[in-house]
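Here the structure comes first, spelled out in structure tokens, and everything after it is commentary.
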Amino acid sequence: MSRQVNHKLALVLAAVLLAACGSDNDNDNGSANPPPTPAKAPQLRMTVSATEDFAGTYGSVGAYEKLTGTIAGEVDPADPKNAVIQDLQLAPRNANGMVEYSADFVMLKPKDMSKASGVLRYDAPNRGNILTMLNPVATPSDAVYLERGYVMLYSAWQGDVPKSNPARLTVTVPVAKNADGSSITGPYRSELVPTAAVPAMALPGGVFNGTMIPYEPASLDNTLPGYSLTRRRNETDPRIPVAPADWKFATCDTAANPFPGTASPSSICLKGGFDPQYLYELVYVAKDPKVMGVGLAALRDTVSFFRKQAADSAGTPNPLAGRITHTLGQGTSQSGNAMKTFLHLGFNQALDGGKVFDGLFAHVAARQTNINTRFAVPGGGGGLRTDHTAFGQTAPRGLAADYQDDVSGRQGGVMKRCEATSTCPKFFLGLSGTEFWQLQGSPVLTDAYGFRDLVQPANARIYYYASTQHGGNGGVASISYAPSRNVYPAGTVVHFTDTFRALFVALEDWVVRGTEPPASQVPKVADGTLVRPDQLVFPVMKGLTWPVGGTQTAIPDFNYLARYNGFALYDFGPQYIPQDESGIATQLPPYYTGRDYAILVPQVDPGTGLTRAGIKSVEAQAPLGTSIEFNYVATPGIVDLSNLTGAFIPFHATEAARLAAGDSRPSLELLYGSHDGYVAAVRSAADALVAQRLLLPRDAQLRIQQAADSSVLR
Numbered sequence: 023m024s025r026q027v028n029h030k031l032a033l034v035l036a037a038v039l040l041a042a043c044g045s046d047n048d049n050d051n052g053s054a055n056p057p058p059t060p061a062k063a064p065q066l067r068m069t070v071s072a073t074e075d076f077a078g079t080y081g082s083v084g085a086y087e088k089l090t091g092t093i094a095g096e097v098d099p100a101d102p103k104n105a106v107i108q109d110l111q112l113a114p115r116n117a118n119g120m121v122e123y124s125a126d127f128v129m130l131k132p133k134d135m136s137k138a139s140g141v142l143r144y145d146a147p148n149r150g151n152i153l154t155m156l157n158p159v160a161t162p163s164d165a166v167y168l169e170r171g172y173v174m175l176y177s178a179w180q181g182d183v184p185k186s187n188p189a190r191l192t193v194t195v196p197v198a199k200n201a202d203g204s205s206i207t208g209p210y211r212s213e214l215v216p217t218a219a220v221p222a223m224a225l226p227g228g229v230f231n232g233t234m235i236p237y238e239p240a241s242l243d244n245t246l247p248g249y250s251l252t253r254r255r256n257e258t259d260p261r262i263p264v265a266p267a268d269w270k271f272a273t274c275d276t277a278a279n280p281f282p283g284t285a286s287p288s289s290i291c292l293k294g295g296f297d298p299q300y301l302y303e304l305v306y307v308a309k310d311p312k313v314m315g316v317g318l319a320a321l322r323d324t325v326s327f328f329r330k331q332a333a334d335s336a337g338t339p340n341p342l343a344g345r346i347t348h349t350l351g352q353g354t355s356q357s358g359n360a361m362k363t364f365l366h367l368g369f370n371q372a373l374d375g376g377k378v379f380d381g382l383f384a385h386v387a388a389r390q391t392n393i394n395t396r397f398a399v400p401g402g403g404g405g406l407r408t409d410h411t412a413f414g415q416t417a418p419r420g421l422a423a424d425y426q427d428d429v430s431g432r433q434g435g436v437m438k439r440c441e442a443t444s445t446c447p448k449f450f451l452g453l454s455g456t457e458f459w460q461l462q463g464s465p466v467l468t469d470a471y472g473f474r475d476l477v478q479p480a481n482a483r484i485y486y487y488a489s490t491q492h493g494g495n496g497g498v499a500s501i502s503y504a505p506s507r508n509v510y511p512a513g514t515v516v517h518f519t520d521t522f523r524a525l526f527v528a529l530e531d532w533v534v535r536g537t538e539p540p541a542s543q544v545p546k547v548a549d550g551t552l553v554r555p556d557q558l559v560f561p562v563m564k565g566l567t568w569p570v571g572g573t574q575t576a577i578p579d580f581n582y583l584a585r586y587n588g589f590a591l592y593d594f595g596p597q598y599i600p601q602d603e604s605g606i607a608t609q610l611p612p613y614y615t616g617r618d619y620a621i622l623v624p625q626v627d628p629g630t631g632l633t634r635a636g637i638k639s640v641e642a643q644a645p646l647g648t649s650i651e652f653n654y655v656a657t658p659g660i661v662d663l664s665n666l667t668g669a670f671i672p673f674h675a676t677e678a679a680r681l682a683a684g685d686s687r688p689s690l691e692l693l694y695g696s697h698d699g700y701v702a703a704v705r706s707a708a709d710a711l712v713a714q715r716l717l718l719p720r721d722a723q724l725r726i727q728q729a730a731d732s733s734v735l736r
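Just so we're on the same page, the working numbering is the position in the sequence shown counted from 1, plus 22.
Below, the structure written as structure tokens:
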């Protein structure tokens, strides 16, 4: 019997058991035994807790104000549009038969709404964080959105963000319970990644998720079945068990409170302490799963309210009533993955059947977000090194509704549901080099085996930002060098923040005015710009130094090791729904099926080491060195990639220095001749990008001025 048949049979049996017993720990999204239709429609109430002036004035739009508040809403378990939400039928209900949530929001709006453009832009908070999104005064180029009359909305979608941090937006989602009110329990997995020698580590663990609210263990007795702690040096090394007697659910330190410490459900104490040379994997039986998928419904209904409604259920006026004509959504990194998941699971269909977002931009977002499984961890991600078994990678990578995954045998891409309901938005996907090397990005561009390029949907564009890492400001000043942490200077001079601004304006033009955006720019199998990692041909890079602690330290000669994050097909158990990144994972760690997806990476130019395809920003067209899309952990014996980090190896200033070092790349002197030649090259690149609508004029002028003020070849 095939695994697909086994999976379907398991779901049928689970539905039968639920119909007979009322509730248990099996998966039930409501199709087997739906509740009676509630007497009332879902209610939504808005509370504005503060209104304050927002600094600055913005073109003809003028002054803005900042509104802070909450949306208290309801989700109808009987509505088919909510049926995909994992464990919704096991959530507590109010007197109306509804499941409740409460979501924080922050809004920037023109004081004079008659000057608003009609565009509502929603930015998804990244693990609840919004501070970096609210400062166009500190980042003047970002003022372009306010000058264009946008209303900016930030509202919470992630249900494990702690309320104790006032700088984060939170959404309160329900906890699923058995029919008798008892706790639901099940397997849960976490990675503990120490960056220093410590006696204990807090749950939930992980580099990115460490400050979120953890799932408590059902018991603190780690000798029970389903509890284990293992360690390994490299991601792909075999797991080495740690004896139960050597670790406890506890807090401890090496002096006043030594191992075994003080019992705690939110910390792990390890005899002898955690060693930063190792990755630790913890598996335990957790209790009280949150119905995290309600956060996506909250996002859907919040944006729909501000877009369409005159007032909330209590009659409180919508501050945007009658002024919004188009909605654009954006998420970056983890929150960009969430935007893809929002679209994939069908939430771009509003409760009235219309669209929530007319346009969506998933920025540096190769994967999806683990928000709709039992014991979901929306803030998880790759650790200090790569994570081959993380959630977020099992859902389809292809965008088209008819995408065929030949490795898993599954059919249907990210846009399958919205295509069926005619609610697909105009869609942009942005990819840095990190998405290829560490986050398994290439399957969105090719078939599962990497033999042919995919044809993308007409409503989608994919943009690869050439020679970039996952984040950062770019420029030489952003490069740091800690030889004990990374083998090469960390960061990429090439960046994509300017490109993103220009593309977002292009998305607005496409949605609002019907102006076709720039064509997709991606590496391709057909022209040899997308290749297997071992097919890269880097130039020789050697004989350079970098300042560390006031002295010049030699950079190791670049040696390409051909390390990357592979993409295996894993089996999380028969109650897991991999095509939706939903359901219940009963097998942790997951089984390796013996099948793998192809991972391809952008080919580099053998002369400069910069990648050949994609959108080349000013720093890529007028380079000062080689921006490399990966780096290596410097710890002896560790050969994994540094987390989300690129590398930069500068060019030699003169031909004489280059030749003496044996570096095959061109020198700055050869490329530009003089400082004026460098400035001219920057100006030429900037002008070309503006003409292609890949750079805004103000950003072009900024890059030209920075080049003129630089010390290059002076």
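We put the CB at the ideal spot given by N, CA and C, even for glycine.
| query | result |
| --- | --- |
| Selection from Leu718, Pro611 and Phe397 that minimises the alpha carbon distance to Thr519 | Leu718 |
| For Leu681, the first and last residue of its enclosing alpha helix (DSSP H) | Glu677 to Ala683 |
| Whether Trp179 touches Ala320 by CB criterion (9 Å) | yes |
| Where Ala360 falls, given that 16 or more other Cβ within 10 Å makes a residue buried | buried |
| Own chain residues within Cβ distance below 8 Å of Arg523, not counting five before or after | Ser163, Asp164, Val166, Leu718 and Asp721 |
| DSSP three-state assignment for Tyr237, whether helix, strand or coil | coil |
| N- and C-terminal bounds of the beta strand (DSSP E) containing Arg253 | Ser250 to Arg254 |
| Secondary structure of Pro719, DSSP reduced to three states | helix |
| Between the CA atoms of Asp268 and Ala442 - distance to the nearest angstrom | 53 Å |
| Test item: CB-CB of Val325 and Leu175 under 9 Å | yes |
| Same chain, Cβ closer than 6 Å to Arg143, neighbours up to 5 away in sequence not counted | Tyr172, Met174 and Leu350 |
| Which of helix, strand or coil DSSP assigns to Ala482 | strand |
| As assigned by DSSP and simplified to three states, the class of Asn231 | coil |
| First through last residue of the alpha helix (DSSP H) which encompasses Gly699 | His697 to Ala713 |
| Pick from Pro672, Glu651, Asp662 and Ala642 that is closest to Arg705, judged by C-alpha positions | Ala642 |
| Beta-ladder partner(s) of Asn151, from DSSP | Asn148 and Arg190 |
| Contacts around Gln728, its chain only, beta-carbon distance under 6 Å, and the 5 residues preceding and following it disregarded | none |
| Contacts around Pro226, its chain only, beta-carbon distance under 6 Å, and the 5 residues preceding and following it disregarded | Ser212, Met234 and Pro236 |
| C-alpha distance - Leu461 paired with Asn116, whole-angstrom precision | 41 Å |
| Boundaries of the beta strand (DSSP E) in which Glu257 is found, first to last residue | It is not in any beta strand (DSSP E) - Glu257 carries neither H nor E in the DSSP assignment. |
| Nearest candidate by alpha-carbon position, reference Val307, set Ala482, Lys448, Ser689 and Leu610 | Leu610 |
| Same chain, Cβ closer than 8 Å to Ala332, five either side skipped, listed in chain order | Pro339, Asn340, Ala343 and Gly344 |
| Through-space distance from Asp662 to Phe580, alpha-carbon basis | 16 Å |
| Simplified DSSP state of Glu691, which is helix, strand or coil | helix |
| Segment contact, 8 Å Cβ cut-off, at least three pairs: the segment 78–98 with the segment 268–286 | no |
| Close-in-space but distant-in-sequence residues of the same chain around Leu367 (CB under 6 Å, 5 per side omitted) | Val106 |
| Test item: CB-CB of Gly1 and Gly317 under 9 Å | Coverage of the chain is limited to positions 23 through 736, which leaves residue 1 absent and any answer about it impossible. |
| Element boundaries [beta strand (DSSP E), containing Ala285] | Thr284 to Phe296 |
| Short Cβ contact (9 Å threshold) for Leu525 with Tyr485 | yes |
| Three-state class that DSSP yields for Leu112 in the structure shown | helix |
| Runs of beta strand (DSSP E) lying entirely within the segment 319–404, each at least 3 residues, in chain order | 348–354 and 381–385 |
| Nearest to Ile290 (by Cα), restricted to the options Pro688, Tyr614 and Ala222 | Ala222 |
| Secondary structure of Trp179, DSSP reduced to three states | coil |
| Distance between beta carbons of Ala218 and Pro298, contact taken as under 8 Å | 6 Å |
| Pairwise C-alpha distance: Gly435 and Ser24 | Only weak support exists for where Ser24 lies, its pLDDT of 36 falling under 50; the coordinates are left without a value. |
| Val623 versus Gly631: straight-line alpha-carbon distance, rounded | 13 Å |
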